[in-house]
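Trainee:
In this note's numbering, the protein residues as written are 2 to 276.
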């Protein structure tokens, strides 16, 4: 899916899961949670066979998710979302120190890379980690905050109302084989959450983008599901009542929850090294 940004804007806003860099990480918290520092990041033990990263002249168009085909990985998106995809983190879990460098996390970059024909999505995420660390000379570390206010996803009393997908031979198309969840606007003022061959982990990741906070999977559902739920897009971006109601359409429920959450802190970024 391609998105066109309005002139002068680097990011779309949060209802569809894309929000401005620099918003405080303590969303919805009465008191800032305690922080536990962890070790710096190191390059993952996997690399793309061949990869290029470019800074395109047109900074107004981006893609909401990568294009993955057999042996190929392509994506034109913001650095924030390349980082989020690589490290399995949403935007609100990524921050940068004020003097981290001259690179903006809102800038759009275009990645084209080749992999082995049997590379999984998790392996490609590791390859992307290595690419970002090397091309941007990135220095970063993980930190864990305790007692972060979020949600727990559980099964409602009457059970799930989603179409279970029977496990079949994996498709040659990674996008089909892996499954996906997306939020999009099928009509004015309406948001649809749609999943195809999706796991609950993929669903909770998408819910984190919609709710701007952590969502913990406590459903004990281990299969893959196809589903769709819709809700009205309200005027108040901090009112998530409609999202919670949409989840109920699927026989699931969201309940307030506090727990530890890991964050990615960018200590340093150099200008892109292209090749």
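Where a beta carbon is used, it is the ideal one built from N, C-alpha and C, also for glycine.
Give the single residue among 202, 231, 255 and 83 whose Cα lies nearest to the Cα of residue 155.
Mentor: Mapped onto the chain shown, residue 155 falls at position 154. Among 202, 231, 255 and 83, the Cα nearest to that of residue 155 is on 255.
Trainee: What are the start and end residues of the beta strand (DSSP E) that includes residue 1?
Mentor: The structure shown does not extend to residue 1, since the chain is modelled only from 2 through 276, so no value can be given for it.
Trainee: Considering only the beta carbon of each residue, do residue 135 and residue 55 sit closer than 8 Å?
Mentor: Counted from its first residue, the chain shown places residue 135 at position 134. Counted from its first residue, the chain shown places residue 55 at position 54. In this structure, residue 55 does not lie closer than 8 Å to residue 135 by Cβ.
Trainee: Considering Cα atoms alone, identify which of 121, 93, 66 and 249 is closest to residue 72.
Mentor: Here residue 72 corresponds to residue number 71 of the chain shown, with the count starting at 1. Among 121, 93, 66 and 249, the Cα nearest to that of residue 72 belongs to 121.
Trainee: Of all the options 107, 245, 118 and 75, which has the alpha carbon lying nearest to the alpha carbon of residue 194?
Mentor: Residue numbering aside, residue 194 sits at position 193 when the chain shown is read from its first letter. Of 107, 245, 118 and 75, the residue nearest in Cα terms is 245.
Trainee: Flag this pair as touching only if the stretch 181 to 190 and the stretch 207 to 220 have three or more C-beta atom pairs under 8 Å; answer yes or no.
Mentor: They touch, by the three-pair rule.
Trainee: Assuming residue 225 and residue 199 make a contact with CB atoms under 8 Å, what is their CB distance in whole Å?
Mentor: One-based indexing of the chain shown puts residue 225 at position 224. One-based indexing of the chain shown puts residue 199 at position 198. Yes, residue 225 and residue 199 are in contact; Cβ-Cβ is about 6 Å, under 8 Å.
Trainee: Quick check on DSSP: helix, strand or coil for residue 1?
Mentor: What the structure shows of the chain is the stretch from 2 to 276, and residue 1 is not part of that stretch, so it cannot be assessed.
Trainee: Could you check how far apart the C-beta atoms of residue 46 and residue 141 are, in whole angstroms? I think they sit under 8 Å.
Mentor: Counted from its first residue, the chain shown places residue 46 at position 45. Counted from its first residue, the chain shown places residue 141 at position 140. Contact flag wrong, Cβ pair sits at about 17 Å.
Trainee: Using beta-carbon positions only, say whether residue 265 and residue 143 come within less than 8 Å of one another.
Mentor: As a working note, residue 265 is residue 264 in the chain shown. As a working note, residue 143 is residue 142 in the chain shown. In contact: residue 265 and residue 143 (Cβ atoms closer than 8 Å).
Trainee: Could you tell me the distance, in whole angstroms, from the CA atom of residue 59 to the CA atom of residue 263?
Mentor: For the purposes of this step, residue 59 is taken as residue 58 along the chain shown, with counting starting at 1. For the purposes of this step, residue 263 is taken as residue 262 along the chain shown, with counting starting at 1. Their Cα atoms are separated by approximately 33 Å.
Trainee: By the DSSP assignment, the beta strand (DSSP E) with residue 157 in it spans what residues?
Mentor: As a first step, residue 157 is located in the chain shown; it is residue number 156 there, counting from the start. Per DSSP, residue 157 belongs to no beta strand (DSSP E) and is neither H nor E.
Trainee: Taking the alpha carbon of residue 188 as the reference point, which residue from 271, 274, 109 and 233 has its own alpha carbon closest?
Mentor: Translated into positions along the chain shown, residue 188 becomes position 187. It is 233 whose Cα lies nearest to the Cα of residue 188.
Trainee: Can you tell me where the beta strand (DSSP E) holding residue 73 begins and where it ends?
Mentor: The residue you call residue 73 lines up with position 72 of the chain shown. It spans 73 to 79 - the beta strand (DSSP E) in which residue 73 sits, taken as one unbroken run.
Trainee: To the nearest angstrom, report how far apart residue 90 and residue 118 are at their CA atoms.
Mentor: Position 89 of the chain shown, counting from 1, holds the residue named residue 90. Position 117 of the chain shown, counting from 1, holds the residue named residue 118. For residue 90 and residue 118, the distance between alpha carbons rounds to 26 Å.
Trainee: Classify residue 179 as buried or exposed, calling it buried when 16 or more other Cβ atoms lie within 10 Å of its own Cβ.
Mentor: Here residue 179 is taken as the residue at index 178 of the chain shown, counted from 1. When all chains shown are included, residue 179 counts as buried.
Trainee: Starting from residue 58 and walking both ways along the alpha helix (DSSP H), at which residues does that stretch end?
Mentor: Translated into the one-based positions of the chain shown, residue 58 becomes position 57. It is not in any alpha helix (DSSP H) - residue 58 carries neither H nor E in the DSSP assignment.
Trainee: Can you tell me which of the three DSSP states residue 68 falls into?
Mentor: Translated into the one-based positions of the chain shown, residue 68 becomes position 67. Strand.
Trainee: If you draw a straight line from the C-alpha of residue 240 to the C-alpha of residue 257, how long is it?
Mentor: Counted from its first residue, the chain shown places residue 240 at position 239. Counted from its first residue, the chain shown places residue 257 at position 256. Their Cα atoms are separated by approximately 14 Å.
Trainee: Does the beta carbon of residue 215 sit closer than 8 Å to a beta carbon anywhere in chain C?
Mentor: Annotation note: the requested chain C is absent from the structure, which comprises a single protein chain.
Trainee: For a quick check, are the C-beta atoms of residue 107 and residue 271 less than 8 Å apart?
Mentor: Counting from one through the chain shown, the residue named residue 107 turns up at place 106. Counting from one through the chain shown, the residue named residue 271 turns up at place 270. Taking 8 Å as the Cβ cut-off, residue 107 and residue 271 do not qualify as a contacting pair.
Trainee: To the nearest angstrom, how far is it from the Cα of residue 11 to the Cα of residue 80?
Mentor: Within the chain shown, numbered from 1, the residue matching residue 11 stands at position 10. Within the chain shown, numbered from 1, the residue matching residue 80 stands at position 79. The pLDDT assigned to residue 11 is 41, lower than 50, so where the model puts this residue is not dependable, and the model offers no usable value.
Trainee: One question on the structure: do residue 160 and residue 227 come within less than 8 Å of each other, judged by their Cβ atoms?
Mentor: The residue labelled residue 160 in the question sits at position 159 within the chain shown. The residue labelled residue 227 in the question sits at position 226 within the chain shown. No, they are not a contact pair.
Trainee: Taking the C-alpha atoms as reference points, what is the distance between residue 100 and residue 267?
Mentor: Within the chain shown, numbered from 1, the residue matching residue 100 stands at position 99. Within the chain shown, numbered from 1, the residue matching residue 267 stands at position 266. About 10 Å.
Trainee: May I ask you to report which of helix, strand or coil DSSP gives residue 229?
Mentor: Numbered from 1 along the chain shown, position 228 holds the residue referred to as residue 229. Strand, per DSSP.
Trainee: Looking at the unbroken beta strand (DSSP E) that takes in residue 218, where does it start and where does it end?
Mentor: As a working mapping, residue 218 is identified with position 217 in the chain shown. First-last of the beta strand (DSSP E) with residue 218: 216 to 218.
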